[in-house]
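Protein chains: 2
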Amino acid sequence: MVERFSNRLAREVSKKGAAVVGLDPRLEALPRDLARNAPPEERILAFYRETLPLIAAQVALVKPNIAFFERYGAAGYAAYEETCRLAREAGLLVIGDIKRGDVGSTAEAYAEEHFRHADALTLHPYLGSDSLQPFLRRCAAGDRGVFILVRTSNPSASEFQDLPFEGGNLSQAVARKVAQWAADSSPDEPGFSSVGAVLGATYAKDLGPYRELMPRSWFLIPGVGAQGGEVADLAAAFDTEGQGALVNQSRGIMQAFDPGDEDWRQKIEGALSHFVSELSSLCKQVP
Amino acid sequence: MVERFSNRLAREVSKKGAAVVGLDPRLEALPRDLARNAPPEERILAFYRETLPLIAAQVALVKPNIAFFERYGAAGYAAYEETCRLAREAGLLVIGDIKRGDVGSTAEAYAEEHFRHADALTLHPYLGSDSLQPFLRRCAAGDRGVFILVRTSNPSASEFQDLPFEGGNLSQAVARKVAQWAADSSPDEPGFSSVGAVLGATYAKDLGPYRELMPRSWFLIPGVGAQGGEVADLAAAFDTEGQGALVNQSRGIMQAFDPGDEDWRQKIEGALSHFVSELSSLCKQVP
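Heads up: the protein sequence lines correspond to chains P and F, in order. Start counting the first sequence at 1; every next residue gets the next number (my numbering). Start counting the second sequence at 288; every next residue gets the next number (my numbering).
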């Protein structure tokens, strides 16, 4: 029998903490002398071939955002596949940040393809249950997970996600459904399920109320660093064992150097250990 | 100066009508003897190489759904690019059914990549304006268009899209923003803008009210045929000149034959002309 994603996640987080490193490759931010005359997808892969072992030494998860790979067409898409493969080979769990969302038969195609590469996926909620079922089935029956967009980290998130309904706003209505999908996916097991939620660090004050709405969901929290969120504000997302939340940082780690720096590896390692210890102190503060 | 997407669309629709052919490649539904021993992406391309000229002879637009290409990984992604190229070479306008939606910097990457291949794109609204701006800029300043998901054709669309607010439901709130983005994208020109909306044919009774909310947006209407929507119910989406709406059919055209049929080309041509004449009669009925 395969191990559930949520169980594997809990084990990894207890070993290495809640840090997730976002992989959003930008050519202009790569080390200047690394494969400098190679095509974009080769430069990206050269960078990750060197850095994924450094990342795996300190953290448990990476989150490649497929947009920054697709940017280079089919060759970039192949680099996404290879990045996921290299990450898993290094022992990392991979959250494929694909943010897909389509009608049922199309969702089947996305689920089949993207769960080949990643342990978990980010998904759009707008189309409702039937657009998520092909993914949720893999959470219930297997070793895969999802993180559904509930409250995103961008400034205009409020336009729709804060629209007031009777009983709350839209993101809270989505959160209630996530809680139901989470409960349905592992009705007989206590603890966290493999159906999680994306909640932006830029709206940290709402994490407590979201936790009440989604007691059994892992929170994937992007928006720390370049987007303005602060690690110190995220305590409400964690349980008393420091479980239940994952905090993503992308640019703050993978662009912790200038492209001309020769000591870029050391700077990435330094940024990683700073991030890991910041999160570790935070979890110790959780009452 | 480039021609605006909305103007080109109006011209094409006045020549060839409002039909859109959805390209959702399924290996099991391809003609059995066409490139039968080739890898999936070659079989898909062989099919479209033969059929895109047949399609272009009768209709103005195709809508490839990238999920069914991504299904075959990087090679499938390359087949999507090539399908878009072949379609445009045949004189067709291409709506890339990608349903992307991510924060601003990521949206830039998606816009740059996907407008290389398609004239217009489908997009998720959940993250609000800043997630759409990189696309909307190309609608305002250039020859590209977008169709934002407002009311989708799937059964569980109602879960979130029908949530009641003061002044309407969620899909109507999205529709009001689409109207604003449409107005902002071409403030000095009358007529339809390049900022459109996706509205499922399966909720045809709501098309009139949506038209009132979005007077300047092209409607892209999927869900006819296999999903249960009826062409005859869609009159309210069109203006008195038969403009303003596009109706998509996928399986009803591109799977209008059994894989073993030798006359599959004729069956596709027959299904195309039936669809085109159905739409043409509908537009003549518009008062």
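Every residue gets a Cβ at the ideal spot worked out from N, C-alpha and C, and that includes glycine.
For the segment 198-222 of chain P, the set of positions with a beta-carbon nearer than 7 angstroms to some beta-carbon of chain F is empty. Shown here for F/L373: same chain residues with a beta carbon closer than 7 angstroms to its own, the five before and five after excluded, namely Y335, R336, L339 in chain order.
Nearest neighbour of F/G383 by Cα position, chosen from F/S392, F/R403, F/E376, turns out to be F/R403.
Take the alpha-carbon of P/G145 and the one of F/P474: they are about 45 angstroms apart. Listed by position along chain P, the residues whose Cβ is nearer than 7 angstroms to that of F/H561 form an empty set, because the closest Cβ is around 23 angstroms away.
Interface annotation for the segment 101-117 of chain P against chain F: G101, D102, V103, G104, T106, A109, Y110, E112, E113, criterion Cβ-Cβ distance under 7 angstroms.
P/L220 is a Cβ neighbour of P/G196, given a cutoff of 7 angstroms.
Contact between the segment 266-281 of chain P and the segment 494-503 of chain F is absent: fewer than 3 CB-CB pairs across the two stretches fall below 8 angstroms. In summary, P/P164 is exposed, with fewer than 16 beta-carbon neighbours lying within 10 Å of its beta-carbon over all protein chains present. Our two residues, F/I540 and F/N352, have alpha carbons roughly 15 angstroms apart in a direct line. Excluding the 5 residues flanking it on each side, P/P259 has same chain C-beta neighbours closer than 8 angstroms at E28, A29, L30, P31, R32, in chain order. For P/G104, no beta strand (DSSP E) segment is defined; the enclosing uninterrupted segment is the alpha helix (DSSP H) at 104-117. Around P/V174, the beta-carbon contacts reaching into chain F at under 8 angstroms are F447. Sequence-ordered contacts of the segment 366-377 of chain F with chain P read E368 [C-beta pairs closer than 7 angstroms]. By the neighbour-count definition (other C-beta atoms within 10 Å, threshold 16), F/T393 is a buried residue. Pairing P/A60 with P/L93 gives a Cβ-Cβ distance under 7 angstroms. Only exposed fits F/Q572, as fewer than 16 other CB atoms lie within 10 angstroms of its CB. Contact between F/S416 and P/S156 holds, with the beta-carbon distance rounding to 4 angstroms and staying under 8 angstroms. In the three-state reduction of the DSSP assignment, P/V174 falls in the helix class. Across the structure, F/S564 and P/D102 are spaced so that their CA atoms are roughly 29 angstroms apart.
Taking 8 angstroms as the upper bound for CB-CB distance, F/N456 and P/G104 are not in contact here, some 22 angstroms apart.
In the three-state reduction of the DSSP assignment, P/G242 falls in the coil class, being assigned neither a helical nor a strand state. Per DSSP, reduced to three states, the secondary structure at P/T202 is helical.
Not one beta carbon of chain P lies nearer than 7 angstroms to the beta carbon of F/T409. Using a CB distance cut-off of 7 angstroms, F/K386 counts as an interface residue toward chain P. For the segment 337-382 of chain F, the continuous beta strand (DSSP E) assignments of 3+ residues that do not extend past its boundaries occur at 348-351, in sequence order. Taking a beta-carbon distance threshold of 7 angstroms, F/P442 counts as an interface residue toward chain P.
Residue pairing of P/T122 in beta bridges, as defined by DSSP: P/F147.
When the beta-carbon positions are compared, F/V437 and F/S418 stay at least 7 angstroms from each other.
Rounded to the nearest whole angstrom, the C-alpha separation of P/F160 and P/D263 is 44 angstroms.
Boundaries around F/L507 are those of the beta strand (DSSP E), 506-508, since no alpha helix (DSSP H) includes it. From the listed residues F/L569, F/F525, F/R424, the smallest Cα separation to F/A519 is found for F/L569. Here DSSP, grouped into helix, strand and coil, assigns P/D24 to coil.
In the three-state scheme derived from DSSP, where H, G and I count as helix and E and B as strand, F/Q542 is classed as coil. Only exposed fits F/M288, as fewer than 16 other CB atoms lie within 10 angstroms of its CB. Only residues of its own chain outside the window of five on either side were considered, and among them L500, M501, P502, R503, S504 have a CB closer than 8 angstroms to the CB of F/A466, listed in chain order.
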